[in-house]
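*Asks:*
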Amino acid sequence: MPPTGRENMLTRLGLMAALTLGTASLALAQDATPRDGGTFVFTAPYGSSIGSLDITATPHTQDEIVAKAMNRSLYKWNPESGKPELDLAESVEKSADGKTYTYKLREATFHNGDKLDADDVVWSYNRIADPKKALTGAEQMLQIAGVEEFQAGKADHISGVKKIDDRTVEITVTNLSDPGWNLMSNYAPIYSKDYPEDQLASKPNGLGPFKLANYVPGSKVELVKFDDYFEKGKPHLAKLDIMLMGEAAARDVAFRNGEIDANVLGPVQYEAYGQDAALKDHILEVAEVYTRNIGFNPKVEAFKDKRVRQAINHAINSEVIVKKLLKDKAYQATSWLPISSPAFDHDAKPYSYDPEKAKELLKEAGYEKGLKFSVTATPNESWGVPIVEAIIPMLAKVGVEVTTDPVEGPVLSDKIVSDNFESFIWSNSSGPDALKYLTCFHSKTSQAACNYVKFANADFDKLIDQAGEETDPAKQNELLKQANNLLQEEAPVWFFNYNKAVMAYQPWVHGLKANAMELAVQDYEDIWIDDTAPASRK
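Under mature numbering (1 follows the signal peptide of the UniProt record, and there is no 0), residues -29 to -1, 1 to 509 are what the sequence shown spells out, in order.
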């Protein structure tokens, strides 16, 4: 799809300005004095259930939406500045060589009354990185020195995480990238070392602004204000209810009836809300750093040949799908990094829609006839079965037969990390830290971490390794730009689109932020409800 005016603007301004644009519509609302008390009824829109209340054990954004209210990490993402910042640490000192960080922990209390100390950090990171546990957050530990040896069974702990005293932790990393990009992750929270590990999935014990009150599987998660939360004056809300609502139509009805306070919009609702005078003035948009794609598993012989992978990219008319099915609620993808990334190559072009070129490549690769594969997909309207159904006739025109392997959201990630798929369609994080998310394609990154397509390319590895050691931001971005362009050439995935996330909110809601990492994951401690809210919310 040719760049729209908005896309060109985002391209020029970059991530920081994009975030500013996203928050502009809420600027006036944020000027008011927050009101304490009341209930905010939110939605987790990516399914009708959650996988676990222990976020370290699940890769699902659906679960992250809930976990963000209950947990805290060493760093946090600031959606307004577009950078990670300290959260559970009140200060940090960096060594002269740029690889050792010494943190002074803040005074904080777990929901069960335990006090945060350095042992909790050491224990939490060793637990997350433990290869025997295969936890999702292990991806975030890879930058820490000693993790590779620990995961290879050559050490019994992470050498790069050390307790200095009760409130001081020293972390050594393997490259010069800011560790905040990894350690801000909601999938790498700090837990109490003294809390029974087997209770984390049912009775979570975090450091966040809200604690669990009630969980109704398949329905909702009810949370209440944690009075001993470490940020003074927060949270503002007395209660937070998160409804598990995967059906867009059900969310639409509930929002219009005032039963929920915010609604993540799909393509159909995006178009309808934008044309509704009663709704269009309370819509929050942001260019999220997510790349929608179809990942090709090299255990399928044909996918080992990049000509086949390139052919599939040429055979699909992404522009038409974005425009017709997604109602322009997306930007056509060029490679992995989103348009807001400083390492995005603005001179690069998306794969052209060229069925004849696709046929030529398939013929060269020996797959002129007979190529067949399945795509594991969820019902998601923006990156699921409906999209696969749209590409089936396009690929059929070049002699490729595609079938769907329909699954529910939690099953998708389980099948991917267990290598139980031929291809998959998914929406994956691709920023804002270009080095972190391109490292997912490094040959040393495991499939369980984030190298879901088991990509291995020596030239790519070299560029990523060099970028990790580069201290000059401009030079690092140039290396990452080359790596991203090489990834486009190798085409380990079908590059579909970058998401434009949209959320409608009720006029009595304040404090929502245009989070480019994931709009549905909010800083709940900053949200508040004003006096115009219905009685059920006050």
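Think of the CB as a built atom: it goes at the ideal place given N, C-alpha and C, for glycine as much as any other residue. Keep in mind the model is a prediction, meaning the values are calculated, not measured.
Are the CB atoms of Ala282 and Leu332 nearer to each other than 7 Å?
*Replies:* Yes, they are a contact pair.
*Asks:* If we count Cβ pairs, one from each stretch, closer than 8 Å, do we get three or more for the stretch 29 to 49 versus the stretch 156 to 172?
*Replies:* Result yes; three or more Cβ-Cβ pairs closer than 8 Å.
*Asks:* Going by DSSP in three states, Thr503 sits in which element: helix, strand or coil?
*Replies:* Looking at Thr503 - three-state DSSP - the assignment turns out to be coil, as it is neither helix nor strand.
*Asks:* Should Ala(-3) be labelled buried (16 or more other beta-carbon atoms within 10 Å of its own) or exposed?
*Replies:* Its pLDDT being 38, under 50, Ala(-3) is placed unreliably in this model, and the value from its coordinates should be taken loosely. Classification for Ala(-3): exposed.
*Asks:* Check each candidate in Gln114, Val12 and Ala319 and name the one with the smallest Cα separation from residue 523.
*Replies:* For residue 523 there is no data in the structure shown, the boundaries of the chain being -29 and 509.
*Asks:* Mind listing, in chain order, the continuous beta strand (DSSP E) runs of no fewer than 3 residues lying wholly within the stretch 240 to 281?
*Replies:* Those beta strand (DSSP E) runs which fall completely within the stretch 240 to 281 and span 3+ residues are 254 to 267.
*Asks:* Assuming contact is defined by CB atoms lying nearer than 7 Å, are Tyr476 and Pro309 in contact in what I supplied?
*Replies:* Not in contact: Tyr476 and Pro309 (Cβ atoms no closer than 7 Å).
*Asks:* On the DSSP letters alone, give me the boundaries of the beta strand (DSSP E) that Asn455 sits inside.
*Replies:* Run containing Asn455: none in the beta strand (DSSP E); it sits in the alpha helix (DSSP H), Pro444 to Glu461.
*Asks:* Can you give the Cα-Cα distance for Cys411 and Glu327, rounded to whole angstroms?
*Replies:* So the two alpha carbons sit approximately 32 Å from each other.
*Asks:* Taking the alpha carbon of Tyr96 as the point to measure from, which residue in Ala79, Asn83, Lys86 and Phe121 has its own alpha carbon closest?
*Replies:* Tyr96 has its Cα closest to that of Phe121, out of Ala79, Asn83, Lys86 and Phe121.
*Asks:* From what residue to what residue does the alpha helix (DSSP H) around Glu327 run?
*Replies:* Segment Pro326 to Glu335, the alpha helix (DSSP H) holding Glu327.
*Asks:* Since Phe81 sits in a beta bridge, which residues does DSSP pair it with?
*Replies:* Bridge partners of Phe81: none, in fact.
*Asks:* Would you mind reading off the limits of the alpha helix (DSSP H) that contains Ser398?
*Replies:* Element bounds for Ser398: not the alpha helix (DSSP H) but the beta strand (DSSP E), Ser394 to Ser400.
*Asks:* Do you know whose CA, among Leu342, Glu335 and Leu297, lies nearest Asn351's CA?
*Replies:* If we check each option's Cα against that of Asn351, Leu297 comes out closest.
*Asks:* What three-state label does DSSP hand Ala487 in the structure shown?
*Replies:* DSSP places Ala487 in coil when its eight states are reduced to three.
*Asks:* Cβ atoms of Val235 and Ile213: under 7 Å apart, would you say?
*Replies:* No. Outside cutoff.
*Asks:* On the CB-based measure, 16 or more other CB atoms within 10 Å of its CB, does His317 come out buried or exposed?
*Replies:* Exposed is the call here.
*Asks:* With burial defined as no fewer than 16 other Cβ atoms inside 10 Å of the residue's Cβ, what is the status of Thr374: buried or exposed?
*Replies:* Thr374 should be labelled exposed.
*Asks:* Determine which residues share a DSSP beta bridge with Val12 and list them.
*Replies:* Val12 is bridged to Asp212.
*Asks:* Given that a residue counts as buried once 16 or more other Cβ atoms are within 10 Å of its Cβ, and exposed if not, what is Arg(-18)?
*Replies:* Residue placement at Arg(-18) is flagged as unreliable, the pLDDT there being 31, under the threshold of 50; the coordinate-derived value follows with that caveat. Exposed: under 16 other Cβ atoms inside 10 Å.
*Asks:* Can you look up Tyr166 in the DSSP assignment and give me helix, strand or coil?
*Replies:* Coil, per DSSP.
*Asks:* Please state whether DSSP places Asn234 in a helix, a strand or coil.
*Replies:* Strand, per DSSP.
*Asks:* What residue range is occupied by the uninterrupted beta strand (DSSP E) comprising Asn428?
*Replies:* Where Asn428 is concerned, there is no enclosing beta strand (DSSP E), given that its DSSP letter is neither H nor E.
*Asks:* Are the stretch 35 to 43 and the stretch 476 to 492 in contact at 8 Å, needing three or more beta carbon pairs?
*Replies:* Contact between the stretch 35 to 43 and the stretch 476 to 492 is present, because at least three Cβ pairs lie under 8 Å.
*Asks:* Just to confirm the assignment, what range does the beta strand (DSSP E) spanning Thr73 have?
*Replies:* Thr71 to Leu76 is the extent of the beta strand (DSSP E) around Thr73.
*Asks:* So which of Glu461, Ile387 and Ala233 has the shortest CA-CA distance to residue 510?
*Replies:* Beyond the ends of the chain as shown, which are -29 and 509, falls residue 510; an answer cannot be given.
*Asks:* Determine the contact status of Val464 and Ile265, defining contact as a CB-CB distance below 7 Å.
*Replies:* Yes, they are a contact pair.
*Asks:* Suppose you measure from the CA of Pro(-27) to the CA of Ser312; what does that come to, to the nearest Å?
*Replies:* Reliability fails at Pro(-27), whose pLDDT of 33 lies under 50, so the model's placement of it is uncertain and the value that follows must be treated cautiously. Answer to the nearest angstrom: the Cα atoms are 16 Å apart.
*Asks:* Kindly list the residues whose CB is nearer than 6 Å to the CB of Trp499, restricted to its own chain and excluding five residues on each side of it in sequence; keep chain order.
*Replies:* Around Trp499: Pro5, Arg6, His207, His481 and Gly482.
*Asks:* For the alpha helix (DSSP H) that contains Ser95, what are its first and last residues?
*Replies:* Taken as a continuous stretch (DSSP letters only), the alpha helix (DSSP H) holding Ser95 covers Ala89 to Ala100.
*Asks:* So, does the stretch 364 to 373 touch the stretch 335 to 342, judging by three or more C-beta pairs under 8 Å?
*Replies:* Segments in contact, yes.
*Asks:* Is the Cβ-Cβ distance between Phe466 and Ala273 less than 7 Å?
*Replies:* Cβ distance not < 7 Å, so Phe466 and Ala273 don't count as in contact.
*Asks:* In the DSSP assignment, find the alpha helix (DSSP H) that holds Ala184 and state where it starts and stops.
*Replies:* No alpha helix (DSSP H) holds Ala184; the beta strand (DSSP E) holding it covers Phe181 to Val187.
*Asks:* Measuring only the C-alpha atoms, how far is Asn456 from Pro321?
*Replies:* Going from the Cα of Asn456 to the Cα of Pro321 covers about 11 Å.
*Asks:* Quick one: is residue 527 buried, meaning 16 or more other Cβ sit within 10 Å of its Cβ, or exposed?
*Replies:* Examination of residue 527 is not possible in this model, given that the chain is present from -29 through 509 alone.
*Asks:* Just to confirm my understanding: we take Ala427, look at its own chain, exclude 5 residues before and 5 after, and list those with CB closer than 8 Å. What are they?
*Replies:* So the qualifying residues of the chain are Ser414.
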